[in-house]
Amino acid sequence: MSQIQKILDNSYLEKFQHIISTIAKEQIKHTVLIVDDEIDNLQLLKRTLRRDYNIITASNGQEALEIVEKIGNDISLIVSDQRMPSMTGTEFLSKTTDKYPHIIKMLLTGYTDIDAMIDGVNKCELFQYISKPFDTDEIQMIIRNGINAYELTLSKNALLQDLKELFFTTIKSVSSALDAKDTYTHGHSHRVTLFSLILAKAMGLDEILMEEIEMTGLLHDIGKIGVPESILCKPGKLTDEEYNIIKLHPERGKKILNGIKKLNNVSFWLSCHHERWDGRGYPKNIKEKEIPLPARIIAIADTYDAMTSNRSYRQGLPHEVAAEEIKRCAGSQFDPEVVRAFIQVEHVFKTAIGDPVNYYQEYSVINKVFANKNDD
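Start counting the sequence shown at 46; every next residue gets the next number (the numbering used here).
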């Protein structure tokens with residue numbers, strides 16, 4: 046290789062390394078939004094912070110709101126002046142709090158802005174006040190502390206996400222182990238969960254409630270862990286004594302889950318999934334709206350799957366026959382409101398029977414936890 050080629054190669058390598066280094070630095074730079082109607086303050090803060098952060102500026106609250114609306118998920122920290130025309134700093138920051146709680150918020154205030162401080166605490170979840178006048182070393186330290194707090198929050202959220210994923214994985218494993226005890230009901234818990242989610246969505250329930258309903262569906266038969274397999278897998282009709290043993294499983298399930306704070310609702314709901322609207326169910330003979338809504342939903346899903354699934358002693362019923370039975374029992378066994386929801390989506394039930402795995406992937410709220418993590 047010639048000397049010139051070596052120089053060219055070294056020059057190219059240095060440029061390449063510089064570009065890569067610059068990109069790497071840009072990727073880890075946090076974005077800071079500075080809002081102030083005084084141009085001198087904006088320029089001073091921008092000059093002070095631009096080496097370490099991606100700086101975006103706005104001269105008033107409305108302009109800043111438009112920026113946050115567009116790129117709020119990318120902003121790590123906001124520094125806003127309090128006294129601005131049209132919209133004060135606390136008014137602006139309070140409008141960002143609900144939608145973007147992750148953003149660290151700071152307020153620039155004069156010594157006499159006591160009301161602004163009280164407003165900030167009550168409405169904006171402020172991280173810190175910055176008193177005017179300030180020096181550049183002080184502002185750099187304050188911003189660095191804010192960014193450290195932001196990164197700590199992200200780390201905690203990531204840890205919580207990992208724990209949530211582990212929690213859901215454990216629930217799914219327990220559910221699968223339960224189904225494996227009885228070869229004739231294999232997949233029962235997942236199908237009941239799917240049908241429950243279809244009904245919950247049709248009733249317009251929110252995602253947080255649907256997540257708990259999903260966990261309840263997966264674990265609704267956990268109390269059967271203590272039931273002998275000779276009873277669970279019995280090919281013929283159960284004796285009265287055997288049936289009474291089966292009837293213990295809702296309360297046993299509740300006891301198994303007692304003490305797990307995250308599953309307080311789940312343990313109560315699954316203990317009620319064999320109650321009836323007319324009060325003739327078990328174990329407590331409660332009726333109508335004494336039965337929690339998730340349990341009333343799961344009752345229909347559980348019965349539908351029991352009717353349409355094959356057993357050792359009979360073939361599963363066709364969808365049409367099972368659907369008519371659900372409708373016939375509205376007001377006696379089932380909540381009429383949930384039956385109305387069933388009627389709206391019974392065509393989905395019919396299709397889902399043939400492909401429960403893919404339908405479950407579509408309706409599952411828990412699976413979004415895993416999908417979101419993979420996207421990250």
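Where a beta carbon is used, it is the ideal one built from N, C-alpha and C, also for glycine.
The structure displayed is predicted, hence computed values, not measured ones.
Here DSSP, grouped into helix, strand and coil, assigns Q173 to strand. Scanning its chain for C-beta atoms nearer than 7 Å, with the 5 sequence neighbours on each side dropped, one finds around P381 the residues A375, in chain order. Counting the other Cβ atoms within 10 Å of the Cβ of L211 gives fewer than 16, which makes it exposed. Inclusion of I149 and S121 in the CB contact set at 8 Å is warranted, their separation being smaller than that value. Remark: C-beta atoms of I123 and L153 do not approach each other more closely than 8 Å. Your pair P401 and L239 checks out as a contact, with CB atoms roughly 6 Å apart and the cut at 8 Å.
Around the beta carbon of G399, fewer than 16 other beta carbons sit within 10 angstroms, so the residue counts as exposed.
For the pair G106 and D82, the Cα-to-Cα distance works out to about 9 Å.
In the same chain as E259, and ignoring 5 residues on each side of it, the C-beta atoms closer than 7 Å to its own belong to T238, L242, S409, V410, I411, in chain order. By the neighbour-count criterion, in which 16 or more other beta carbons inside 10 Å mark a residue as buried, G304 falls on the exposed side. The Cβ neighbour count for L197, taken over all protein chains shown within 10 Å, is under 16; the residue is labelled exposed. In terms of Cβ geometry, K299 and S316 form a close pair [threshold 8 Å]. In the three-state scheme derived from DSSP, where H, G and I count as helix and E and B as strand, V80 is classed as strand. Less than 8 Å divides the Cβ of F379 from the Cβ of A344. Beta-bridge annotation (DSSP): M151 is paired with V124, Q173. In the DSSP assignment, Y98 falls outside any alpha helix (DSSP H) and lies within the beta strand (DSSP E) extending over 98-103. In this structure, the beta-carbon distance from L244 to V383 falls below 8 Å. A194 is a Cβ neighbour of F172, given a cutoff of 8 Å. When C-alpha distances from H392 are compared across E369, N309, K144, R189, the shortest belongs to E369. In the structure shown, the three-state DSSP call for R325 is coil. Separation of D126 and R236 (C-alpha to C-alpha, rounded to the nearest whole angstrom) is 55 Å. Between V272 and I290, the C-beta gap is smaller than 8 Å, which places the two residues in contact. Per DSSP, F313 is one residue of the alpha helix (DSSP H) stretching across 309-315.
Annotated three-state conformation of R385 is helix, per DSSP. Non-local C-beta neighbours of E256 in its own chain, meaning closer than 7 Å and more than five positions away in sequence, comprise V410, I411, ordered along the chain. C-alpha of F137 to C-alpha of P146: approximately 14 Å in a straight line. For H233, the enclosing alpha helix (DSSP H) covers residues 233-247. For the pair E183 and V113, the Cα-to-Cα distance works out to about 26 Å. Under the DSSP assignment, R297 falls in the alpha helix (DSSP H) whose first and last residues are 294-302. Under the DSSP assignment, E256 falls in the alpha helix (DSSP H) whose first and last residues are 252-264. Excluding the 5 residues flanking it on each side, K292 has same chain C-beta neighbours closer than 6 Å at Y327, in chain order. Taking the CA atoms as reference points, L338 sits about 33 Å from P280. Counted as a single uninterrupted DSSP element, the alpha helix (DSSP H) harbouring A346 occupies residues 338-353. Per DSSP, reduced to three states, the secondary structure at F213 is helical. Between the beta-carbon of G361 and that of T353 there is about 5 Å, and that keeps the pair under the 8 Å contact cut.
Here the alpha carbons of W322 and E335 stand approximately 9 Å from one another.
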